[in-house]
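Report on the following structure.
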Amino acid sequence: MLRFIRLILPLLLIALPWAVYPLVRQADPVLERLTEGLPLLLAISALLLAIGFKRGRIALASIALGCSSLLLSAASRRGLDYPDAYVLFTATSLLLPLVYAWLLVQRDTSLLNLRGLIKPVALLFSFALLLFAWQYPQQLALGLPRLPTPLLEVIGEHSMLTRGIFWLSLPLLALYLLLTLTRRSVDEVALFGAFLAQLLALHNLQEPKLAALFEASAGLIFITAIVVHIYALAFVDTLTGVPARRALEHHLANLGRHYSIAILDIDHFKRFNDTYGHDVGDQVLRMVASQLSRVSAGGSLFRYGGEEFTIVFKGQREEEVIAALDAMRQRVADYPMKVRAPQRPKDDRRGRKTRSETAPADTEQVKVTISIGAAWRLAEEKPDMVIKRADKALYKAKGAGRNRLMTDIASKPRRQGGTAG
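Going by full-length UniProt numbering, 68 is the number at position 68 of the sequence shown; the sequence numbering is gapless.
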């Protein structure tokens with residue numbers, strides 16, 4: 001669900017203006033004023049949220065959205081037939097792709113320090129120059145004759161200008177789309193969607209209400225991105241990418257009467273950390289989480305804490321749950337886990353040299369196994385009691401030799417494999 005919101009919702013928000021436009025097209029003056037002010041209101045809201053949650057690039061993009069919406073609204077009210085308004089529209093149209101190209105290479109750092117403040121100040125200064133050019137067009141007119149004739153022809157024709165901006169922005173849009181598909185970062189998705197929405201606003205500036213709606217959709221995209229980020233902080237484990245313990249608590253509060261809970265623990269996990277280091281320990285956690293996320297029988301995976309995971313099955317029969325858990329246990333045990341050998345030099349340069357000279361000796365294949373304890377809800381039993389019984393079954397599995405599944409209703413393992421490597 002979170003992935004859907006992160007990747008699909010921005011595209012739906014871009015389409016929202018076309019759906020809303022017929023409703024506001026013939027609106028009364030009050031609603032018209034509200035529509036015009038909506039982009040700035042949403043931009044300020046996104047800016048405050050982004051600063052509060054340290055989303056530097058979204059904060060800068062929100063500043064750009066607020067400034068550009070003010071300037072474009074002023075140009076639209078003045079009328080693009082007037083030279084000064086057209087100059088303002090042209091300059092803003094050319095600046096926006098440059099701003100988004102600049103945001104592409106920025107790191108997501110806080111703006112609330114001396115180094116961070118330089119970025120919003122520089123951004124505001126660039127838009128202030130456009131405002132100066134609008135207020136003093138005679139100064140700009142002195143420099144226009146120095147521009148190349150083909151560029152003047154493009155600037156002088158509205159349709160040619162919008163096409164030129166589109167072709168100028170196309171490689172940047174493609175790059176943002178590539179980063180969106182590869183990184184799947186909420187910020188890249190938001191910047192891609194907002195940039196596309198603002199280009200559509202430029203294209204429809206002769207319809208001021210529609211342009212304002214597109215700019216408002218850009219603000220909504222930024223706010224959505226921040227809300228998704230806040231949700232991930234609270235409910236998603238940052239290391240493994242699976243739902244965290246708080247998400248488990250919410251899930252347990254909404255279960256029905258028939259469910260089972262399994263507690264899973266990585267065997268000898270401390271040994272991995274002590275032998276190979278915490279980086280390899282993190283690698284093991286991510287691998288195990290990746291395999292566990294493929295659990296069948298409708299199981300929901302959560303990271304319980306440390307090297308422990310929890311899977312909740314709702315309304316499944318005992319045989320189905322046991323088969324799904326055992327297949328998952330076997331899948332983890334069969335995974336060819338390769339880690340850096342413990343004798344590898346800690347110095348990165350020496351490590352690369354060792355890897356290039358003796359690549360096979362630089363890595364070591366290890367066997368990772370998990371132990372599982374499972375319990376089914378008894379009559380009138382609360383989830384925490386089921387978890388306690390599953391935890392007892394887990395300790396039975398570890399005491400019986402690890403790499404096995406045990407339940408709270410049997411003293412012997414339901415399935416077992418070899419001992420952990």
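In this text, a Cβ means the ideal position worked out from N, Cα and C, and glycines have one as well.
DSSP places threonine 363 in no alpha helix (DSSP H) but in the uninterrupted beta strand (DSSP E) bounded by 363-366.
Nearest in C-alpha terms to leucine 40, of all of Ile8, Ala211 and Trp102, is Ala211. Minimum Cα-Cα distance from leucine 9 among the listed residues Asp28, Val228 and Pro97 corresponds to Val228. The residue from Ala397, Arg33, His278 and Ser45 with its alpha-carbon nearest to that of leucine 220 is Ser45. When secondary structure is reduced to three states using DSSP, tyrosine 259 falls in the strand class. Take the alpha-carbon of glutamine 206 and the one of tyrosine 176: they are about 27 Å apart.
Judged by DSSP in its simplified three-state form, aspartate 408 adopts coil rather than helix or strand. Inter-residue distance for alanine 400 and glutamate 188 is about 48 Å (C-alpha atoms, whole angstroms). Using a Cβ distance threshold of 7 Å, glutamate 319 and aspartate 265 do not count as a contacting pair. Of the other Cβ atoms in all chains shown, 16 or more fall within 10 Å of the Cβ of glutamate 36; this residue is therefore buried. Under the three-state reduction of DSSP, lysine 270 is assigned to helix. Setting aside the 5 residues that flank it on each side, leucine 70 is surrounded in the same chain by Leu40, each with a C-beta closer than 8 Å to its C-beta; the list follows chain order. With contacts defined as CB atoms closer than 7 Å, alanine 197 and phenylalanine 214 qualify as a contacting pair. The beta carbons of alanine 91 and leucine 130 sit closer together than 7 Å.
Contact between alanine 50 and isoleucine 58 is confirmed by a C-beta separation of about 4 Å, below the 8 Å threshold. Between phenylalanine 127 and cysteine 67, the gap from beta carbon to beta carbon is short of 7 Å. Serine 371 is not a Cβ neighbour of phenylalanine 313, given a cutoff of 7 Å. For aspartate 108, the secondary structure class from DSSP, reduced to helix, strand or coil, is coil. In terms of Cβ geometry, methionine 337 and valine 295 do not form a close pair [threshold 7 Å]. Under the three-state reduction of DSSP output, glutamate 188 falls in the helix class.
Assigned with DSSP and collapsed to three states, alanine 390 falls in helix. Residues of the same chain with their beta carbon placed closer than 7 Å to that of serine 185 are lacking, with the five preceding and five following residues left out of the count.
Between alanine 262 and leucine 325, the C-beta spacing is below 7 Å. Fully enclosed alpha helix (DSSP H) runs of no fewer than 4 residues occupy 56-78 of the stretch 37-95, in order along the chain. If you check the CB distance, arginine 389 and alanine 379 do not come in under 7 Å.
In the structure shown, the three-state DSSP call for glutamate 320 is helix. Contact between glycine 256 and glycine 315 holds, with the beta-carbon distance rounding to 7 Å and staying under 8 Å.
For valine 312, the enclosing beta strand (DSSP E) stretches over residues 308-314. Isoleucine 387 and alanine 297 have their alpha carbons spaced roughly 19 Å apart. When secondary structure is reduced to three states using DSSP, leucine 213 falls in the helix class. The three-state reading of DSSP puts alanine 374 in strand, counting E and B together. Excluding five sequence positions before and after threonine 109, the CB atoms of its chain that fall closer than 7 Å to its own CB belong to Gly56 and Gly116, given in chain order.
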